[in-house]
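Visitor: Going line by line, the protein sequences match chains H, X, D and V. Counting from 1, position 244 in the first sequence corresponds to residue 251 in this note's numbering; the numbering is continuous, with no gaps. Counting from 1, position 188 in the second sequence corresponds to residue 195 in this note's numbering; the numbering is continuous, with no gaps. Counting from 1, position 298 in the third sequence corresponds to residue 343 in this note's numbering; the numbering is continuous, with no gaps. Counting from 1, position 21 in the fourth sequence corresponds to residue 66 in this note's numbering; the numbering is continuous, with no gaps. The beta-carbon is built from N, C-alpha and C at its ideal position, and this holds for glycine as well. For clarity, every value in this text was computed on a predicted model and none was experimentally measured. I am attaching a structure below and will ask some questions about it afterwards.
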Amino acid sequence: MEDLTAGAAPPASGIDPGRIELYRLMARLRAFEKRAYDLFLQNLVKGTSHLGLGQEAIAAAYGVAMRADDYTFCTYRGHDHTLARGVPMAPVMAELLGREGGLMGGKGGSMHLTSVAHGMMGSYAIVGAHLPIAAGAAWSAQVRGSGQVAVCFFGDGATNIGAFHEALNLAAVWRLPVVFVCENNLYMEYTPIEAVTAVKHPAADRASAYGLESILVDGNDADAMLDVARSTIGRARDGEGPSLVEAVTYRHGGHSRADPAKYRPESEVQEWFARDPVLLYRTALEAAGAPTELFTAIEADADREVDEATEIATASPRPSVSIIDRDVWSDGGSAWRN
Amino acid sequence: MEDLTAGAAPPASGIDPGRIELYRLMARLRAFEKRAYDLFLQNLVKGTSHLGLGQEAIAAAYGVAMRADDYTFCTYRGHDHTLARGVPMAPVMAELLGREGGLMGGKGGSMHLTSVAHGMMGSYAIVGAHLPIAAGAAWSAQVRGSGQVAVCFFGDGATNIGAFHEALNLAAVWRLPVVFVCENNLYMEYTPIEAVTAVKHPAADRASAYGLESILVDGNDADAMLDVARSTIGRARDGEGPSLVEAVTYRHGGHSRADPAKYRPESEVQEWFARDPVLLYRTALEAAGAPTELFTAIEADADREVDEATEIATASPRPSVSIIDRDVWSDGGSAWRN
Amino acid sequence: MAELTYRQAVAEGIAQEMERDPLVFLLGEDVADAGGAFKATVGLLERFGPERVRDTPISEEAIVGAAMGAAMTGLRPIAEIMFSDFLATCWDLIANQIAKTRYMTNGQISLPLVIRTANGAGSRFGAQHSQSLESWAMAVPGLKVVAPATPADAKGLLAGAIREPDPVIVFEHKSLYASKGEVPEGEHVEELGRALVRRAGEDVTIVALAAMVPRALDAAERLREEGVDAEVIDVRSLVPLDMSTIASSVAKTSRMFTVEENPRLCGWGAEIASIVAEGLFDDLDGPIVRITTPHVPLPAADELEDATVPSVERIVRAVLAAIG
Amino acid sequence: MAELTYRQAVAEGIAQEMERDPLVFLLGEDVADAGGAFKATVGLLERFGPERVRDTPISEEAIVGAAMGAAMTGLRPIAEIMFSDFLATCWDLIANQIAKTRYMTNGQISLPLVIRTANGAGSRFGAQHSQSLESWAMAVPGLKVVAPATPADAKGLLAGAIREPDPVIVFEHKSLYASKGEVPEGEHVEELGRALVRRAGEDVTIVALAAMVPRALDAAERLREEGVDAEVIDVRSLVPLDMSTIASSVAKTSRMFTVEENPRLCGWGAEIASIVAEGLFDDLDGPIVRITTPHVPLPAADELEDATVPSVERIVRAVLAAIG
Ligand SMILES: Cc1ncc(C[n+]2csc(CCOP(=O)(O)OP(=O)(O)O)c2C)c(N)n1
Ligand SMILES: Cc1ncc(C[n+]2csc(CCOP(=O)(O)OP(=O)(O)O)c2C)c(N)n1
Ligand SMILES: [Mg+2]
Ligand SMILES: [Mg+2]
């Protein structure tokens with residue numbers, strides 16, 4: 008993920024370069040998702056799409072903390088997580104647009120972003136299913152002795168489905184190198200998580216059910232997220248087993264493109280916008296002495312990168328229907344009879 | 008369930024008649040399951056069968072504590088639970104033997120004992136599935152305002168399956184009148200539960216994940232079980248919501264008829280046989296002044312009841328194949344086309 | 046008659062039955078406050094209150110399990126599973142518990158419950174949100190299965206399903222929710238198990254379901270231009286299956302085509318085709334042709350999705366090739 | 046050749062592949078210490094150790110989910126689901142995740158994994174432990190499906206499945222575990238996708254699978270006494286499907302019968318029947334007849350179960366009635 012640290016402006020002296028790197032990544036994710044939203048409005052994005060606007064600190068912190076060969080598993084709300092592993096923007100954008108140059112050639116769509124070359128092992132669109140799958144990847148890393156760690160992101164709503172429970176228990180019993188990260192953005196699609204959950208903190212209050220430490224973190228505080236990311240990945244890498252993290256955050260927009268998010272009290276929305284992780288982090292870094300020009304440069308870079316990606320993606324042709332019958336099987340085809 | 012308190016010998020003065028009733032029920036269950044085992048050995052029981060020998064105090068305590076219109080849901084290991092609701096022995100025995108006079112006419116078999124007339128809402132043979140179903144019955148009781156309580160029994164192994172988690176959460180959020188009773192007999196089929204579970208007490212250590220009190224009880228102590236049964240049912244009936252109980256116990260035999268249970272250390276088996284709930288309770292009642300004749304009479308009654316049931320069951324004809332096409336649908340038939 | 050969208054008709058069907066029978070309850074994810082992910086339950090919370098219209102956690106096993114427990118103890122629950130793809134997450138409850146319990150208990154337990162779910166392709170949602178899974182349900186003894194193609198049927202078949210004493214899965218079609226059509230005013234209930242001849246014809250029989258019905262009708266118009274007079278049958282109910290309507294048509298036309306949105310293998314079309322191949326062998330003048338989605342997961346991009354599911358064009362070509 | 050039971054052959058097949066390839070792992074409930082609920086994994090723990098042969102909690106989604114995650118990251122896991130009925134508890138992982146991931150990722154992810162499961166009736170276990178569910182898997186694009194009928198195939202097809210680069214579900218038949226047969230000594234691997242003519246005949250083709258194969262063979266002997274020379278085909282592999290072996294036979298005999306243990310609707314027999322009704326219409330001399338379990342859940346009592354699943358007697362009667 009070398010490209011993540013590259014940039015026009017040098018880091019301000021005296022500030023941990025990891026923090027600057029983290030900010031840069033968050034700014035890039037923000038720029039990308041804003042553009043994705045614009046492209047919705049232009050009706051260029053096909054199908055549905057779920058943005059990570061407002062939740063960037065979580066994906067970015069883990070992106071910075073992970074080793075290049077670690078594994079990411081995430082949900083349909085996975086643009087940020089995909090980019091955070093160093094996947095270039097253009098093929099991600101092209102996938103949202105349903106183009107030939109898409110990350111999966113248009114076959115997967117926004118909800119299934121995957122780039123094995125970057126350790127991005129898939130975005131899963133059925134709530135909870137990827138938790139056991141992530142445990143399996145961690146099991147594989149464990150028995151191969153590769154030192155790899157699997158990080159699995161999911162929403163608050165996923166904590167009430169059976170697969171969550173099965174995966175957490177198995178991971179704990181087998182002491183698997185996996186980090187389960189619950190992005191608690193307070194809502195499922197439209198229903199507040201508190202209306203349907205027996206405990207206040209849907210993940211943290213359940214860690215003890217798997218013999219795990221309860222870890223609750225402010226998901227909009229990038230520094231806190233980076234600490235948690237490093238420590239949980241470190242534990243996993245050192246053979247100390249899985250962690251379950253609950254990062255509290257908020258999505259800026261609706262659940263998906265179809266959702267104007269009218270169900271949220273205006274005061275709550277205001278409060279959380281004031282706690283925008285990108286803004287907060289910029290303020291923190293400025294307070295620590297980072298110069299304004301640094302941010303100007305980072306943001307300009309991000310915008311340019313998004314512009315270029317958009318250009319490439321929109322120039323990409325429509326996929327050829329010849330791929331419909333391809334890649335059901337490893338032989339590249341889909342034959343089921345002779 | 009009037010018949011349960013009926014018996015030849017009067018209760019010893021000074022002893023809570025409920026305790027005698029409880030002992031009588033346990034003795035009846037014990038006698039039935041022993042006979043079921045004998046009938047296996049004679050190859051008269053068809054299919055598989057899972058005995059409750061050694062675990063009688065749990066089923067019996069709830070049987071005594073439940074109201075006639077309460078609902079029981081249990082597993083394939085459900086003979087005790089069925090009898091504890093007042094279902095007569097003969098049709099239960101006949102079902103084990105696959106006879107026309109069986110509780111389900113031979114269609115269900117040992118694993119699916121059901122008697123709606125007695126509130127015995129089914130024995131479910133796929134681990135975990137009946138927990139949400141029991142929650143649904145409790146929901147129905149709640150909205151109908153009937154004051155009924157659902158009691159759902161399951162094994163330690165069931166605590167690791169997804170349906171457990173989903174049912175507990177829903178029951179807690181909706182404050183349903185349901186009591187979940189985990190009969191922790193230390194083993195799944197052949198694997199010790201501790202080998203595959205992240206916490207020491209698979210149910211009790213997880214109650215907090217649903218905002219519930221942790222309730223751990225000696226499942227071989229009939230008095231303790233009766234207390235827990237009364238208090239948890241009382242809470243449910245009073246609108247105070249669900250409970251999750253872990254009753255620690257031990258099965259005397261193998262998991263199912265096929266299993267000689269060789270995987271258990273001899274010392275463990277000895278220890279638990281010494282803690283046989285029927286024996287323990289008899290000793291306790293004797294210490295409280297119950298005369299020996301009382302037990303002799305209870306046991307003689309139980310044996311006679313089992314003898315009669317066996318006679319009726321073995322005299323019952325084989326089921327007619329004409330019922331194969333019956334009762335898929337409520338119209339009594341199975342037609343799927345015109 | 047009133048013109049309604051299919052999604053409005055669903056809500057009307059539910060409202061009609063909730064009004065009539067206080068034991069009808071609705072539960073599912075986002076069904077109450079939000080009016081459903083597809084807005085097919087809008088207004089029900091306001092009308093019937095939070096006790097009868099309940100939001101649930103994302104716990105599909107708990108949703109259908111609760112419906113089952115409630116149905117066996119006196120309620121008539123309607124459980125919504127947001128996308129039919131998610132039936133897989135609670136398939137044990139549906140296929141092993143709900144479908145089998147009446148039989149296993151020798152008729153002691155009845156399960157008057159409905160599972161409603163949004164089925165089918167056309168929204169570019171990709172392979173995990175676009176499947177047509179009605180044949181999964183058809184393959185399980187003990188489940189009744191309907192799939193309405195019109196707003197009138199969305200209301201009428203749903204109402205019929207709610208009144209059924211047995212479990213019914215209602216496959217609503219995502220791509221039809223916005224479609225409009227006449228719906229009878231006042232009480233409207235359709236009996237399960239009756240197919241409809243949507244277009245009479247003499248030359249060939251085209252059997253279709255749900256979103257394939259309008260396509261088959263369009264294809265029939267196109268075929269008319271080619272001199273082929275097609276009869277189009279809307280199956281509507283897979284279980285019970287109205288074979289007599291299909292058989293009468295095939296006896297008349299001697300040629301049968303099925304149009305299925307599901308992937309190729311073991312779909313309802315194969316079942317109907319093999320029933321005809323057995324029972325109407327002597328009536329047939331030529332091969333039975335199944336027009337289906339190929340046996341692949343569904344791709345997401347619009348061009349790809351459109352080229353995968355049977356199109357009007359593909360139906361026309363298949364019929365002409367077979368009789369040509 | 047050595048005479049082995051079917052369950053021994055399963056264990057041998059696994060051992061052969063674990064020996065050959067250190068990336069093959071086995072996981073499931075009670076598979077290690079206990080050697081499996083059906084004793085089909087006896088000896089593997091001792092031979093390959095607790096890291097490669099692992100007992101799991103009762104967490105079917107975790108079992109197949111873990112297998113999937115492991116398969117995409119370099120292992121070749123074999124997951125046991127104790128009874129095929131329990132596939133329903135992890136059907137989302139199988140049908141929505143494992144089956145679709147290669148396609149959705151445009152070929153980036155391969156899933157060389159095997160799910161082994163005990164399928165079928167005959168043990169008086171009742172409706173939740175006796176189903177024949179191979180057609181469920183056949184209906185899902187992205188899954189390969191085999192169902193061995195003999196000890197030799199139990200070993201050979203399992204070994205072939207383990208070597209496949211794609212997910213395969215192996216349906217072992219409960220009522221065959223105790224059956225004995227010759228199994229080639231040394232390495233034995235069968236390629237998927239090849240049916241076998243188990244008995245050559247001229248008059249009718251009987252297509253069968255798993256436990257129905259020995260019944261079809263017995264029926265063929267009985268039919269010979271009635272002057273009917275039946276060819277019996279063991280399908281072995283539903284996906285990929287060897288239609289050419291079936292087609293050659295039907296082209297020769299002009300009559301096809303399928304014998305399925307699954308309930309009637311939408312089974313593999315319907316699929317094969319409708320393929321034949323389309324592609325071999327002109328070769329057929331009479332209706333295609335499917336012999337199946339009726340569309341009911343399975344009853345538990347021995348007489349009832351025996352009368353539900355197709356018997357030798359029923360096969361004979363069906364053939365004679367159709368050609369008579
Ligand atoms: C098993 C399942 N049930 C329902 C859905 C529909 N669905 C998609 S996203 C979603 C809400 C998920 O909420 P949460 O887990 O909090 O994640 P968030 O979208 O807030 O990131 C629902 C209900 C699904 N995809 N899978
Ligand atoms: C979903 C599911 N997985 C596996 C099984 C097979 N099985 C039947 S009983 C059993 C062990 C259950 O152990 P536990 O829950 O402790 O109950 P016990 O038998 O000890 O009463 C298993 C694995 C099953 N019936 N259902
Ligand atoms: Mg959320
Ligand atoms: Mg146990």
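Using 10 angstroms around the beta-carbon of Ala124(V), count the other beta-carbons present and answer buried if the total reaches 16, otherwise exposed.
Guide: The count along the fourth sequence starts at 1 and reaches residue 124(V) at position 79. Ala124(V) comes out buried.
Visitor: What residue from Ala72(X), Arg106(X), Gly248(X) and Phe80(X) has the CA that sits closest to Val180(X)'s CA?
Guide: Translated into the one-based positions of the second sequence, residue 180(X) becomes position 173. Of the candidates Ala72(X), Arg106(X), Gly248(X) and Phe80(X), the one whose C-alpha sits nearest the C-alpha of Val180(X) is Gly248(X).
Visitor: 8 Å is my cut-off, CB to CB: does Gly339(X) come that close to chain D?
Guide: The count along the second sequence starts at 1 and reaches residue 339(X) at position 332. With 8 Å as the cut-off, Gly339(X) counts as an interface residue toward chain D.
Visitor: Given this structure, state the Cα-to-Cα distance separating Glu40(H) from Ser155(V), to the nearest angstrom.
Guide: Start at 1 with the first residue of the first sequence, and residue 40(H) comes out as number 33. Start at 1 with the first residue of the fourth sequence, and residue 155(V) comes out as number 110. Cα to Cα, the separation comes out at about 30 Å.
Visitor: With distances taken between CB atoms, is the gap from Leu132(V) to Leu178(V) smaller than 8 Å?
Guide: Position 87 of the fourth sequence, counted from the first residue, corresponds to residue 132(V). Position 133 of the fourth sequence, counted from the first residue, corresponds to residue 178(V). It is a contact, given that the beta carbons lie within the stated cut-off.
Visitor: Please name the residue in Asp338(X), Ile319(X), Arg37(X) and Asp310(X) whose C-alpha comes closest to that of Leu110(X).
Guide: Against the second sequence, residue 110(X) aligns to sequence position 103. Nearest option by C-alpha distance: Ile319(X).
Visitor: From Gly119(D), Gln153(D), Met46(D) and Leu72(D), pick the residue whose C-alpha is nearest to that of Gly339(X); which is it?
Guide: Against the second sequence, residue 339(X) aligns to sequence position 332. Checked all of Gly119(D), Gln153(D), Met46(D) and Leu72(D); the closest Cα to Gly339(X) is Gln153(D).
Visitor: Would you mind listing the beta strand (DSSP E) stretches within the segment 268 to 299 of chain V that are 3+ residues and don't spill past its ends, in chain order?
Guide: 275 to 279 and 282 to 284
Visitor: Would you check whether ligand 5 has a heavy atom nearer than 7 Å to the C-beta of Asp163(H)?
Guide: With respect to ligand 5, the structure shown offers nothing to examine, as its ligands consist of ligand 1, ligand 2, ligand 3 and ligand 4.
Visitor: Specify, as a first and last residue, the run of the alpha helix (DSSP H) that Pro98(X) falls within.
Guide: By 1-based counting over the second sequence, the position of residue 98(X) is 91. First-last of the alpha helix (DSSP H) with Pro98(X): Met96 to Leu103.
Visitor: What does the alpha-carbon distance come out to for the pair Gly58(V) and Gly205(D)?
Guide: In the fourth sequence, residue 58(V) corresponds to position 13, counting from 1. In the third sequence, residue 205(D) corresponds to position 160, counting from 1. Whole-angstrom Cα-Cα distance: 52 Å.
Visitor: Compute every distance between the C-beta of Ala132(X) and the non-hydrogen atoms of ligand 2, then say whether any falls below 7 Å.
Guide: Here the question's residue 132(X) lines up with position 125 in the second sequence. For ligand 2, at least one heavy atom lies less than 7 Å from the Cβ of Ala132(X).
Visitor: I want to know whether the segment 101 to 108 of chain V touches the segment 70 to 83 of chain V - three or more CB-CB distances under 8 Å.
Guide: yes
Visitor: Pick from Glu232(D), Phe326(D), Ala172(D) and Thr338(D): whose alpha carbon is nearest that of Arg65(D)?
Guide: Along the third sequence, read from residue 1 onward, the residue named residue 65(D) stands at position 20. For the residues Glu232(D), Phe326(D), Ala172(D) and Thr338(D), the minimum Cα distance to Arg65(D) belongs to Glu232(D).
Visitor: How far does the alpha helix (DSSP H) with His218(V) in it extend, from its first residue to its last?
Guide: Counting from 1 along the fourth sequence, the entry for residue 218(V) is found at position 173. That residue, His218(V), is in no alpha helix (DSSP H); its beta strand (DSSP E) goes Val213 to His218.
Visitor: Taking only beta-carbon atoms, is Thr303(D) less than 8 Å away from chain A?
Guide: In the structure shown, chain A cannot be found, because the protein chains are H, X, D and V.
Visitor: For Ala345(D), which option in Asp314(H), Thr166(H), Ile331(H) and Glu306(H) has the closest C-alpha, if you only look at C-alpha atoms?
Guide: Translated into the one-based positions of the third sequence, residue 345(D) becomes position 300. With distances taken between CA atoms, Ala345(D) lies nearest to Ile331(H) out of Asp314(H), Thr166(H), Ile331(H) and Glu306(H).
Visitor: In chain V, which residues lie less than 9 Å from Pro332(D) when you measure between Cβ atoms?
Guide: Against the third sequence, residue 332(D) aligns to sequence position 287. Ordered by position in chain V, the residues that pass the 9 Å Cβ test against Pro332(D) are Ala322, Glu323, Gly324, Leu325, Phe326 and Asp327.
Visitor: For ligand 2, any of its heavy atoms closer than 7 Å to the Cβ of Gly110(V)?
Guide: Your numbering for residue 110(V) matches position 65 in the fourth sequence. Checking every heavy atom of ligand 2 against the Cβ of Gly110(V), none is found closer than 7 Å.
Visitor: For Asn167(X), go through chain V and note every residue whose CB falls closer than 7 Å to its CB, in chain order.
Guide: In the second sequence, the residue the question calls residue 167(X) occupies position 160. Those are Pro102, Ile103 and Ser104, listed as they occur along chain V.
Visitor: Determine the chain D residues that contact Ala202(H) at a beta-carbon separation under 9 Å, and present them in chain order.
Guide: Here residue 202(H) refers to the residue found at position 195 when the first sequence is read from its first residue. Result: Asp78, Asp100 and Pro102.
Visitor: If we define contact as Cβ-Cβ less than 8 Å, is Leu188(D) a contact residue for chain V?
Guide: Indexing the third sequence from 1 puts residue 188(D) at position 143. So no, Leu188(D) is outside the interface.
Visitor: Scan the segment 307 to 318 of chain D for residues whose Cβ lies nearer than 9 Å to a Cβ of chain V and list them as they occur along the chain.
Guide: Asn307, Pro308, Arg309, Leu310, Cys311, Gly312, Trp313, Gly314, Ala315, Glu316, Ile317 and Ala318
Visitor: Would you kindly work out how many angstroms separate the C-alpha atoms of Pro24(X) and Tyr257(X), rounded to a whole number?
Guide: Along the second sequence, read from residue 1 onward, the residue named residue 24(X) stands at position 17. Along the second sequence, read from residue 1 onward, the residue named residue 257(X) stands at position 250. The alpha-carbon atoms of Pro24(X) and Tyr257(X) are separated by roughly 27 Å.
Visitor: Taking Cβ-Cβ distances shorter than 9 Å, what residues in chain H pair up with Asp163(X)?
Guide: Taking the first residue of the second sequence as 1, we reach residue 163(X) at position 156. Simply none; closest approach about 12 Å.
Visitor: Should Tyr222(D) be listed as close to ligand 3, given that the test is whether its C-beta is under 7 Å from any heavy atom?
Guide: Within the third sequence, the letter at position 177 stands for residue 222(D). No - ligand 3 has no heavy atom lying nearer than 7 Å to the Cβ of Tyr222(D).
Visitor: Considering only residues of the same chain and omitting the five flanking positions on each side of Ala34(H), which have a CB-CB separation below 7 Å?
Guide: As a first step, residue 34(H) is located in the first sequence; it is residue number 27 there, counting from the start. Answer for Ala34(H): Val285, Ile305, Glu306 and Ala309, listed in chain order.
Visitor: State buried or exposed for Leu48(X), treating a residue as buried only when at least 16 other CB atoms are found within 10 Å of its CB.
Guide: Counted from its first residue, the second sequence places residue 48(X) at position 41. Exposed is the call here.
Visitor: Give the secondary structure of Cys159(X) by DSSP, where H, G and I count as helix, E and B as strand, and everything else as coil.
Guide: Translated into the one-based positions of the second sequence, residue 159(X) becomes position 152. Here Cys159(X) sits in strand by DSSP.
Visitor: Rounded C-beta distance between Leu177(X) and Ala142(X)? I'm assuming under 8 Å.
Guide: Within the second sequence, the letter at position 170 stands for residue 177(X). Within the second sequence, the letter at position 135 stands for residue 142(X). About 5 Å separates the CB atoms of Leu177(X) and Ala142(X); that is less than 8 Å, so the two are in contact.
Visitor: Give the interface partners of Lys53(H) over in chain D, defined as CB-CB distance under 8 Å, in chain order.
Guide: Looking up residue 53(H) in the first sequence gives position 46. Residues of chain D passing the Cβ test: Arg169, Ala345, Ala346 and Asp347.
Visitor: Whose Cβ in chain V lies nearer than 8 Å to the Cβ of Arg335(D)?
Guide: Numbered from 1 along the third sequence, position 290 holds the residue referred to as residue 335(D). Per Cβ cutoff of 8 Å: Ser319 and Glu323.
Visitor: On the DSSP bridge assignment, give the partners of Leu241(V) in chain order.
Guide: For this step, residue 241(V) is matched to residue 196 along the fourth sequence. Asp279(V), per the DSSP bridge assignment.
Visitor: Using DSSP bridges, identify the partner residues of Ile251(D).
Guide: The residue you call residue 251(D) lines up with position 206 of the third sequence. According to DSSP, residue pairing for Ile251(D) in a beta bridge involves Val277(D) and Phe302(D).
Visitor: For Ala264(V), tell me which candidate among Gly165(V), Ala82(V), Arg243(V) and Arg147(V) has the shortest Cα-Cα distance.
Guide: Here residue 264(V) refers to the residue found at position 219 when the fourth sequence is read from its first residue. Ranking the options by Cα distance to Ala264(V), first place goes to Arg243(V).
Visitor: Express the C-alpha separation of Arg309(D) and Gly238(D) in angstroms, rounding to a whole number.
Guide: On the third sequence, residue 238(D) is found 193 positions in, with the first residue counted as 1. On the third sequence, residue 309(D) is found 264 positions in, with the first residue counted as 1. Cα-Cα distance, rounded: 24 Å.
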